[in-house]
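Protein chains in written order, with our numbering: chain A, 137 to 853; chain B, 1039 to 1336.
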């Protein structure tokens, strides 16, 4: 006996008929409906084109894996096939697998892997079939596309591939077992674990559960494809599949076989210490990303921050979040929780730790049109929420960037372009579902876990993982949106006027002012972005005119737009932040002449390249300061500055800090003791500590809001 | 003054960037929603920032119901003609006759060679394209029971099985600018698909039509068998010094109608990745052009 059960998760699928493409598509749809795992299309030289058919099937299905079997890369250029496979993987959300015809497969594997690699050097290759002369690599696929090779090449499969595929009706049992032994031997000879190679069997006739169970347990086959000719055959196969799954699960449990896919030696070599990669829960293993994976570069960093986590878990459901958290808690490494990855204070990535990425929990659903109640997952981004709500005539005030995730903003505050009219984002939350540190899942609202509900709205990152939010949206139609550019040479006067204009304006005006320092002989420049919640041109002009007069106007642009036009779309592609953001935050009630002068000095100190004043006040101040963990309700302005040097920014900011009466934690990255007390006044922080002791006594959630010993002492005094 | 009398088709030329693949798909869906007839994608298989055009065409065809799809234009040197023929027929069958074959001889030879393709001189590339058309038509001709044999200089097929036959007569449209390619269109192709800014002037359009018509007549074909399409969207000075496609919408419609009536263009493909522009083009410009042209033709 050459081999035994390798513990690969079992997969069952359709080997689509090749003659009639329409029939193949119908069976593929049925395979997905029946809950089968794979649809495979075979490359036949004289038939309809397999790649076209598989790409079409990708467009008609949502979850099933898509395999091209027997792909002949002698007949067509492997370089183009590499980009095609990566493209289909990107289009289909990482569902592609490639099976190669044995002839020329060794060179084809080299070309596919070389072009999929994230590496700026061009590929030159001189083989018998494949010759590349400096081809640019890319695109990287959405996941590590497994490559199988066909039956006649077990040595190659063992040495270099991710799978070995055999048609059961074409080889007898002895030849099959010899092939399996050859795969194992070749794998070991190449320094690989034989479990890295999945065994794929294609059946031509009706499947027998006993036979499949035997093939799985005794010979290590883990993927079974049925060359089904009609729907009835496929339905019968789905029943057999369920039986085989159940039987093999029982047998594996009894025999203590570990279930999971084994990553290659090259991937394992890049693992980080302190993380038990072999124990990743089965529900998360398939989508988990570790440093050696192709997908790693797309998930390691955030918008503003570079990261090198040891493991990124990507749950899709609340239950999977529970699994992820339980797993993470068994480790003594940093833990980050990520929604959109735009955090400033919230890190949501780390070096060598675990990240729970909530991006897949991104549903947006209307619960009750009458009360404008919507439920949104933390992984949705505001640039997706805005266009989803717009057809209803609704909006939820968010931040100023469409890429920001719902989870981060809605647990911190949320100061956006509707804040004076409609308050903070957190003021629209009516209920949340939270996974607590102990793994329990609770619903928190005014009546259930009211303390948790209080704390989630302003300091949620310290208390648990919110897996869904229920918001009450506002009715919002078209708005006026202006961008005004002003000469800010007389910075203090301009700021002071900005403050009084905004405070005097009706609530339908919300404005953000950004100051940039003088550069290369150019004066300091102010950019005002202002939203007027009215479709009426006269009202819009009336609100904007005073703002246009706060300094010499250099340029102006005004448009009438629905709310999605203000939020914008999320940037395409993965985050590629590097380093650490250097910021400070402060809240002020009024821009007094003294503060305006201090702020002007700060701008001209050269310590900042971006100094912003967002208007709050208005509806934000209608909420009691003890109603949520965001307490500084009297402030009319939220200031934030970005710098390049921590030391320089802190030194310059500290000189003006006396003018502030609080800060917005979400924009603060200074970690010297005392900062937390600026964001959360003593009464708020005491209550927060109590809530924290109840819901997260072991301080599992320590990535963002962290109480330091010195602050505890201050609190106690 | 030439009007070949074809029905008018309006389409869009979409950049197949892979940074946000679903956005590209949504743009194609927007083409359908706007009532346009055709979505097309450029094909540069050596460009790692793009999605593979063939894969994208197949995927988008599955996500749409009414519009036709085409490469604009597909890169022959990296797409072997026999495989391309079977792929095109397969997609035409799957989509119920919604595929058209925009094809080009290739131009970026360093990049083509880097990907393992064969470097050809421009004249050779035109001859190779001519042979490829024979291969493609030979494969599609499933009614012919004899195995396909083509003994070309660039492409050889020795006894390949023919088929599948496409669901409808797929148009082979060539991206062409120089006389040799234009003559090839006259002899063998079903359409001319240049890009207006590359042509440079309306005179070049008239000159190209004349070369195609003459070559068609020499080959015993009716020039009206060849559809003239045009990628538009750029700005350039026209004869009178006015700027085309830069003015208000009624002016756009008049300018396009003039291209149809005076230059025989019957396919107008707008290069745009802006769904709002696509909507305006489909909902306002195209119906106005159809009306103007119908009136003139009547």
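Cβ coordinates follow ideal geometry from the N, Cα and C atoms, glycine included.
For residue i, the nearest candidate out of the options (CA to CA)
| i | options | result |
| --- | --- | --- |
| residue 1293(B) | 1324(B), 1173(B), 1209(B), 1126(B) | 1324(B) |
| residue 1138(B) | 1117(B), 1160(B), 1108(B), 1165(B) | 1108(B) |
| residue 651(A) | 778(A), 441(A), 184(A), 588(A) | 778(A) |
| residue 633(A) | 657(A), 535(A), 733(A) | 733(A) |
| residue 1199(B) | 1190(B), 1175(B), 1259(B) | 1175(B) |
| residue 282(A) | 201(A), 752(A), 261(A) | 201(A) |
| residue 496(A) | 450(A), 702(A), 772(A), 736(A) | 450(A) |
| residue 371(A) | 172(A), 448(A), 539(A) | 172(A) |
| residue 317(A) | 255(A), 140(A), 786(A) | 140(A) |
| residue 351(A) | 843(A), 241(A), 143(A) | 143(A) |
| residue 320(A) | 298(A), 587(A), 307(A) | 298(A) |
| residue 670(A) | 373(A), 696(A), 227(A), 333(A) | 696(A) |
Partners in chain B for residue i, counting only beta-carbon separations shorter than 9 Å
| i | result |
| --- | --- |
| residue 196(A) | 1100, 1101 |
Under 8 Å by beta carbon: chain B residues contacting residue i
| i | result |
| --- | --- |
| residue 266(A) | 1154 |
| residue 884(A) | The question about residue 884(A) has no answer here: the residues shown for chain A are numbered 137 through 853. |
| residue 226(A) | 1056, 1059, 1089 |
| residue 203(A) | Within 8 Å Cβ-Cβ: nothing; residue 203(A) doesn't reach chain B, min ~15 Å. |
Collapsed DSSP secondary structure at residue i in the structure displayed
| i | result |
| --- | --- |
| residue 724(A) | strand |
| residue 837(A) | coil |
| residue 457(A) | helix |
| residue 1323(B) | helix |
| residue 1192(B) | coil |
| residue 1042(B) | coil |
| residue 1281(B) | Residue placement at residue 1281(B) is flagged as unreliable, the pLDDT there being 48, under the threshold of 50; a coordinate-derived value is accordingly withheld. |
| residue 802(A) | helix |
| residue 1089(B) | coil |
| residue 990(B) | Because chain B in this structure spans residues 1039 to 1336, residue 990(B) falls outside the shown range and cannot be described. |
| residue 322(A) | helix |
| residue 561(A) | helix |
| residue 294(A) | helix |
| residue 403(A) | helix |
| residue 537(A) | coil |
| residue 589(A) | helix |
| residue 393(A) | coil |
| residue 1108(B) | strand |
| residue 490(A) | strand |
| residue 303(A) | strand |
| residue 1200(B) | coil |
| residue 842(A) | coil |
Cross-chain neighbours of residue i in chain A, by beta carbon under 8 Å
| i | result |
| --- | --- |
| residue 1132(B) | 157, 158, 161, 188, 189, 192 |
| residue 1081(B) | Ordered by position in chain A, no residue passes the 8 Å Cβ test against residue 1081(B), which lies about 10 Å from the chain. |
| residue 1121(B) | 185, 211, 212 |
Any non-hydrogen atom of the ligand ATP within 7 Å of residue i CB
| i | result |
| --- | --- |
| residue 550(A) | Ligands in the displayed structure: none, and consequently the ligand ATP is not present. |
Interface partners of residue i on chain A, CB under 7 Å
| i | result |
| --- | --- |
| residue 1129(B) | 188 |
| residue 1124(B) | 184, 185 |
Where residue i meets chain B, residues with beta-carbon distance less than 7 Å
| i | result |
| --- | --- |
| residue 275(A) | 1056, 1086 |
| residue 708(A) | 1057, 1058, 1061 |
Interface partners of residue i on chain A, CB under 9 Å
| i | result |
| --- | --- |
| residue 1003(B) | It is not possible to answer for residue 1003(B), since the shown part of chain B is limited to 1039 through 1336. |
| residue 1226(B) | Here the premise fails: no neighbours, minimum Cβ distance about 23 Å. |
Worksheet item: Are the stretch 714-731 of chain A and the stretch 516-535 of chain A touching, with three or more C-beta to C-beta distances below 8 Å?
Response: Judged by pairs of C-beta atoms under 8 Å, the stretch 714-731 of chain A does not touch the stretch 516-535 of chain A, as fewer than three such pairs exist.
Worksheet item: Which parts of the stretch 727-786 of chain A are runs of the beta strand (DSSP E), unbroken and 3 residues or longer, counting only runs that do not cross its ends?
Response: 746-751, 773-779
Worksheet item: So, do the stretch 572-586 of chain A and the stretch 671-686 of chain A have three or more beta carbon pairs nearer to each other than 8 Å?
Response: no
Discussion item. Suppose only complete runs of 3+ residues qualify. What are the beta strand (DSSP E) ranges in the stretch 1047-1085 of chain B, listed by chain order?
Written reply: 1047-1052, 1076-1079
Fill in: Validate contact between the stretch 431-441 of chain A and the stretch 413-422 of chain A using beta carbons, cut 8 Å, 3 pairs
no
Worksheet item: Do the stretch 335-344 of chain A and the stretch 353-367 of chain A touch if we need at least three Cβ pairs shorter than 8 Å?
Response: yes
Practice prompt. Could you name each continuous beta strand (DSSP E) segment of 3 residues or more that falls completely within the stretch 619-705 of chain A, going from the start of the chain to the end?
Written response: Listed in chain order, the beta strand (DSSP E) runs fully inside the stretch 619-705 of chain A are 645-652, 661-668, 689-697, counting runs of at least 3 residues.
Worksheet item: If you pair each beta-carbon of the stretch 687-705 of chain A with each one of the stretch 621-640 of chain A, do three or more pairs fall below 8 Å?
Response: Verdict: yes, contact present.
Fill in: Validate contact between the stretch 1261-1269 of chain B and the stretch 1180-1196 of chain B using beta carbons, cut 8 Å, 3 pairs
Result no; under three Cβ-Cβ pairs closer than 8 Å.
Item to complete: Would you list, in sequence order, the uninterrupted alpha helix (DSSP H) runs of no fewer than 4 residues that lie entirely inside the stretch 1228-1273 of chain B?
Response: 1234-1237, 1240-1256
Worksheet item: Taking only runs of the alpha helix (DSSP H) that begin and end inside the stretch 205-255 of chain A, which ones reach a length of at least 4 residues, in chain order?
Response: 214-228, 241-252
Fill in: Secondary structure, beta strand (DSSP E): runs of 3+ residues fully inside the stretch 461-528 of chain A
471-474, 490-493, 500-504, 509-512
Practice prompt. Would you check if there are 3 or more beta carbon pairs closer than 8 Å linking the stretch 236-244 of chain A to the stretch 258-277 of chain A?
Written response: Result yes; three or more Cβ-Cβ pairs closer than 8 Å.
Worksheet entry | Touching by the beta-carbon criterion (3+ pairs, under 8 Å), the stretch 1239-1249 of chain B and the stretch 1299-1306 of chain B | yes
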